[in-house]
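**Student:** Residues 450 to 757 (my numbering) make up the sequence shown, in order. Before we start, here is the structure in question, set down as structure tokens.
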Amino acid sequence: MRTLLDRLARYLWPLAVANLVANIGIVVTGAAVRLTGSGLGCPTWPRCTDASYVAHGELGMHGAIEFGNRLLTFVLSAVAVLCFLAALGARHRRATRLSLVIGLGIPLQAVIGGITVLTDLNPWIVAGHFLLSMAIIMVCVALVDELRSPERGPAPPLPRALAWATLLAGWVVLYLGTVVTGAGPHAGDTESPRNGLDPAAVSQVHAVSVYVLVALTVALLVVARRVGLGWLSRVTGLVLLIELLQGVLGWVQYALDLPVGLVALHMLGAALLAAGLARIALAVLPHRADREASPGGEPQPHAATRLT
450 MRTLLDRLAR
460 YLWPLAVANL
470 VANIGIVVTG
480 AAVRLTGSGL
490 GCPTWPRCTD
500 ASYVAHGELG
510 MHGAIEFGNR
520 LLTFVLSAVA
530 VLCFLAALGA
540 RHRRATRLSL
550 VIGLGIPLQA
560 VIGGITVLTD
570 LNPWIVAGHF
580 LLSMAIIMVC
590 VALVDELRSP
600 ERGPAPPLPR
610 ALAWATLLAG
620 WVVLYLGTVV
630 TGAGPHAGDT
640 ESPRNGLDPA
650 AVSQVHAVSV
660 YVLVALTVAL
670 LVVARRVGLG
680 WLSRVTGLVL
690 LIELLQGVLG
700 WVQYALDLPV
710 GLVALHMLGA
720 ALLAAGLARI
730 ALAVLPHRAD
740 REASPGGEPQ
750 PHAATRLT
């Protein structure tokens, strides 16, 4: 067993990246389920139908799409388990804890997904399903940051406060985005309920929250550059670009009456935004890059920060 863990330790970094990519990817495939009206393609859970765990021909394309998305959960689980074992092999304490959180989050996400089906895609539960994905993505980013990130000390109080305010504002934007979705036409099934709110009104509230987020991000970028925090400046600049692209995409899809292709891109942008917000919050925290994990798995006096 130890030999297997030692071998897996060499792949900790690519497995951490795979964790992040897979969890972003399932947000897009989940969007495809909703946008194709396949949310109840498998009308029950954990079975696909009362008589079968797998989709069959009578369920048509919608059943195949929904069942295929369910199968992706096993892919995510496999990547998470391998990443956890690799972290154990590297004797990397923080990576082990972070990969464990990711691994536990995936079955929890599957259960919440099942509840959404059993409640006929209740928009508030669907929102929780999406927000948990955002949280898992942020933990994946924390793992990646732990393994490969520039050495840095703690940021001064002002940029640190702005970074945490940006993270908080970002969560508000993500939440309000789910409220807008719950009021809109893409329910995942023609018979699924909506939240009953006025789509135009909640879209305006969502837009205001985006303006606040962009303003905070610009302020953070200016302060980070003035105090010479190069890594924070680069991360914040990239997140600002994502926010601007998301804003343009949001307005265009609203003006064009929510075409499914643009909505899917907007969902991908939301996942990238969540990843970027986590990176900003981590960039103001201290990080030691001089204690590297050994591929051979030798004990390390402190949590390792890089696999070579």
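Beta carbons: idealized from backbone N, C-alpha and C, even for Gly. Keep in mind that this is a model prediction, so the values were computed, not measured.
1. Following the continuous alpha helix (DSSP H) through Arg-483, name the residue where it begins and the one where it ends.
2. Could you check how far apart the C-beta atoms of Leu-625 and Val-654 are, in whole angstroms? I think they sit under 8 Å.
3. Buried or exposed: Phe-523, going by 16 or more other Cβ atoms within 10 Å of its Cβ?
4. Run through the region 698 to 742 for me and flag every whole alpha helix (DSSP H) of 4 or more residues, listed as ranges in chain order.
5. Could you check what DSSP says for Thr-666 in three-state terms: helix, strand or coil?
6. Going by C-alpha to C-alpha distance, which of Gly-552, Leu-521, Ile-574 sits closest to Phe-533?
7. Taking its Cβ as the centre, do 16 or more other Cβ atoms sit within 10 Å of Ile-555, making it buried, or is it exposed?
8. What are the start and end residues of the alpha helix (DSSP H) that includes Cys-395?
9. If you follow the alpha helix (DSSP H) that Asp-594 is in, where does it begin and where does it stop?
10. For Ala-480, which residues in the same chain have their Cβ closer than 6 Å to its Cβ, ignoring the five residues on either side in sequence?
11. If we ignore side chains and look at the alpha-carbon of each, how far apart do Asp-499 and Gly-512 end up?
12. Let me check one thing: in DSSP terms, what residues is Arg-675 bridge-paired to?
13. Looking only at its own chain, which residues have a Cβ that is under 7 Å from the Cβ of Arg-674, when we skip the five neighbours before and after it?
**Tutor:** According to the data block:
1. The count along the sequence shown starts at 1 and reaches residue 483 at position 34. Here the alpha helix (DSSP H) through Arg-483 covers 461 to 484.
2. Here residue 625 is taken as the residue at index 176 of the sequence shown, counted from 1. Here residue 654 is taken as the residue at index 205 of the sequence shown, counted from 1. With 8 Å as the limit, Leu-625 and Val-654 qualify as a contact, their Cβ atoms being about 6 Å apart.
3. Translated into positions along the sequence shown, residue 523 becomes position 74. So Phe-523 counts as exposed.
4. 709 to 732
5. For this step, residue 666 is matched to residue 217 along the sequence shown. It is helical.
6. Working through the sequence shown from its first residue, we reach residue 533 at position 84. Looking only at Gly-552, Leu-521, Ile-574, the smallest Cα-Cα distance to Phe-533 is reached by Gly-552.
7. Along the sequence shown, read from residue 1 onward, the residue named residue 555 stands at position 106. With 16 or more other Cβ atoms within 10 Å, it is buried.
8. For residue 395 there is no data in the structure shown, the boundaries of the chain being 450 and 757.
9. What you label residue 594 is simply residue 145 of the sequence shown in a count that begins at 1. DSSP places Asp-594 inside the alpha helix (DSSP H), whose first and last residues are 572 to 596.
10. The residue labelled residue 480 in the question sits at position 31 within the sequence shown. The answer, listed in chain order, is Ala-713, Met-716.
11. Residue 499 sits at position 50 when you count from the first residue of the sequence shown. Residue 512 sits at position 63 when you count from the first residue of the sequence shown. Distance between the alpha carbons of Asp-499 and Gly-512: 13 Å.
12. Here residue 675 is taken as the residue at index 226 of the sequence shown, counted from 1. Answer by DSSP bridge pairing: none, since Arg-675 is not bridged.
13. By one-based count along the sequence shown, residue 674 stands at place 225. For Arg-674, where only same-chain residues beyond five positions count, the Cβ hits under 7 Å are Ser-682.
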